[in-house]
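Residue numbers (the numbering used here): 1 to 442.
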């Protein structure tokens with residue numbers, strides 16, 4: 001949010017944020033003035049440099065309305081603050097001081113483990129816990145550990161460390177480790193499945209442009225994976241398929257090109273994202289296998305008023321090579337064609353398109369909770385229509401049935417999780433499907 005005049009606050013009263021028009025009027029007298037200094041206050045767990053380096057507005061340049069609006073939305077979208085106020089004051093003719101005051105979210109929700117529940121009417125409940133230290137060391141780093149379980153079928157755990165400015169440079173670094181274990185075998189003893197899996201990965205990202213408003217990145221990663229799985233591999237003696245447990249080690253190398261101009265990364269109302277990803281897996285021990293995953297994503301956020309926008313999205317996944325059947329994809333689920341429930345449909349190429357309308361139902365409010373701190377809350381409403389197709393080759397897209405679903409939901413923004421989605425959707429042929437999940441690609 002934005003505020004006007006004065007030296008900025010040290011706290012945040014309960015109530016809604018200032019409306020955008022009032023914010024604009026408060027800062028309007030200073031547009032075009034040269035910024036002499038930028039003063040940050042209210043931060044106790046966040047280093048000032050972690051905020052300043054993410055801002056397109058810099059010391060020594062003229063105060064630009066478009067950039068400062070973007071910076072306010074972007075800082076709030078980092079997920080560390082209950083409130084962000086940007087104001088200015090005159091210090092000389094044609095020169096001003098920029099004042100950034102933040103109210104940090106309660107450390108209680110930033111550093112302690114908390115339960116996680118994802119619910120799908122067809123697939124059931126995934127439950128577990130996450131210990132996510134947001135803003136680790138005060139430099140906008142994220143460090144997290146999580147564990148999830150689905151009934152008595154499977155369990156998984158992961159750990160990661162994400163550094164947006166590696167060694168103080170505008171370079172991204174990420175470390176991931178993941179382990180998975182299947183607790184019960186499928187009813188079909190000949191089906192292919194992963195019994196155990198352990199993966200370790202590191203990745204780097206380098207910017208291809210200097211702009212912080214329109215960012216272009218190249219990212220690369222390298223991982224090692226150990227896997228025990230049941231595979232149906234032809235018997236060399238008689239040419240008949242056989243099914244047995246195998247141990248394999250894989251090396252995987254990935255590359256990604258990303259363009260990002262979103263106003264923030266949690267719940268944007270403007271901007272766009274384009275990504276193209278490729279990852280190649282090659283076995284270095286065990287049965288010889290090699291395959292490649294391709295993926296693309298294109299999201300457009302088209303504002304149609306204050307905190308209202310249409311979202312147009314197109315995602316695609318293509319998998320080629322010596323694929324086991326457990327790498328065949330399905331349609332439906334909280335990240336996919338919401339409301340589609342045909343679990344028998346499988347393929348190695350998938351295209352999903354979405355049109356979604358997002359509107360702010362409840363503007364951000366900040367509440368002071370005893371012994372907890374400043375707790376912020378906002379609520380969005382969404383209407384959506386999803387379209388998706390699944391096939392064995394992307395060349396078959398023109399001959400493949402396109403399935404359509406629709407639904408509605410709400411997005412809850414709070415320190416508990418940055419964004420929690422509650423949605424109901426249907427394809428019109430069966431009962432509606434309810435989804436509850438944290439996070440969103442939209």
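Heads up, the beta-carbon is just placed ideally off N, CA and C, and yes, glycines get one too. These numbers come from a predicted model, not from an experiment.
DSSP state of residue i mapped onto helix, strand, coil
| i | result |
| --- | --- |
| residue 442 | coil |
| residue 236 | Low confidence applies here, because residue 236 scores a pLDDT of 48, under 50, leaving its location unreliable; read the following figure in that light. Coil at residue 236, not helix or strand. |
| residue 315 | strand |
| residue 325 | helix |
| residue 397 | helix |
| residue 29 | helix |
| residue 24 | helix |
| residue 166 | helix |
| residue 139 | coil |
| residue 409 | strand |
| residue 340 | coil |
| residue 289 | coil |
| residue 188 | coil |
| residue 365 | strand |
| residue 201 | strand |
| residue 16 | At residue 16, the pLDDT of 49 sits below 50, so the modelled position is not reliable; the number obtained from the coordinates is stated separately. In the structure shown, residue 16 sits in a strand (DSSP, three-state: E or B). |
| residue 303 | strand |
| residue 44 | coil |
| residue 248 | strand |
| residue 231 | strand |
| residue 348 | coil |
| residue 131 | strand |
| residue 261 | coil |
| residue 353 | strand |
| residue 435 | strand |
| residue 333 | coil |
| residue 151 | coil |
| residue 266 | coil |
| residue 125 | strand |
| residue 402 | coil |
N- and C-terminal bounds of the alpha helix (DSSP H) containing residue i
| i | result |
| --- | --- |
| residue 391 | First-last for residue 391: 373-391, but that is the beta strand (DSSP E), not the alpha helix (DSSP H). |
Same chain, Cβ closer than 8 angstroms to residue i, neighbours up to 5 away in sequence not counted
| i | result |
| --- | --- |
| residue 285 | 247, 248 and 249 |
| residue 222 | 201, 202, 203, 251, 252, 253 and 254 |
| residue 362 | 377, 378 and 379 |
Sequence-distant residues of the same chain with beta carbon closer than 6 angstroms to residue i, five excluded per side
| i | result |
| --- | --- |
| residue 438 | 417 and 420 |
| residue 320 | 292 |
| residue 140 | 50 and 164 |
| residue 265 | 77 |
| residue 353 | 314 and 387 |
| residue 212 | 56 |
| residue 74 | 264 |
| residue 445 | The question about residue 445 has no answer, for the chain in this structure spans 1 to 442. |
| residue 126 | 118, 148 and 150 |
| residue 359 | 308 and 381 |
| residue 177 | 159 and 200 |
Residue span of the beta strand (DSSP E) that contains residue i, given as start and end
| i | result |
| --- | --- |
| residue 429 | Note, residue 429: premise wrong, no beta strand (DSSP E); not H, not E. |
| residue 444 | This structure leaves residue 444 out entirely; the chain is present only between 1 and 442. |
| residue 274 | 271-285 |
| residue 210 | Residue 210 -> no beta strand (DSSP E), and no H or E assigned at all. |
| residue 35 | 34-41 |
| residue 418 | Counting along the chain, residue 418 falls outside any beta strand (DSSP E), and DSSP gives it neither H nor E. |
| residue 174 | 172-182 |
Same chain, Cβ closer than 7 angstroms to residue i, neighbours up to 5 away in sequence not counted
| i | result |
| --- | --- |
| residue 399 | none |
| residue 330 | 343, 345 and 346 |
| residue 237 | Note on residue 237: pLDDT 49, under 50, position unreliable in the model; no value is reported. |
7 angstroms Cβ cutoff met for residue i and residue j
| i | j | result |
| --- | --- | --- |
| residue 290 | residue 282 | yes |
| residue 394 | residue 407 | no |
| residue 102 | residue 81 | yes |
| residue 333 | residue 426 | no |
| residue 337 | residue 409 | no |
| residue 373 | residue 106 | yes |
| residue 181 | residue 104 | no |
| residue 147 | residue 179 | no |
| residue 390 | residue 324 | no |
| residue 219 | residue 256 | yes |
| residue 267 | residue 413 | yes |
| residue 153 | residue 183 | yes |
| residue 185 | residue 326 | no |
| residue 36 | residue 95 | yes |
| residue 272 | residue 310 | no |
is_contact[residue i, chain B] using C-beta, thresh 7 angstroms
| i | result |
| --- | --- |
| residue 132 | Note that chain B does not occur in the displayed structure, where there is just one protein chain. |
**Residue ranges of each alpha helix (DSSP H) within the stretch 47-118, 4 or longer** = 48-52, 65-76 and 108-111
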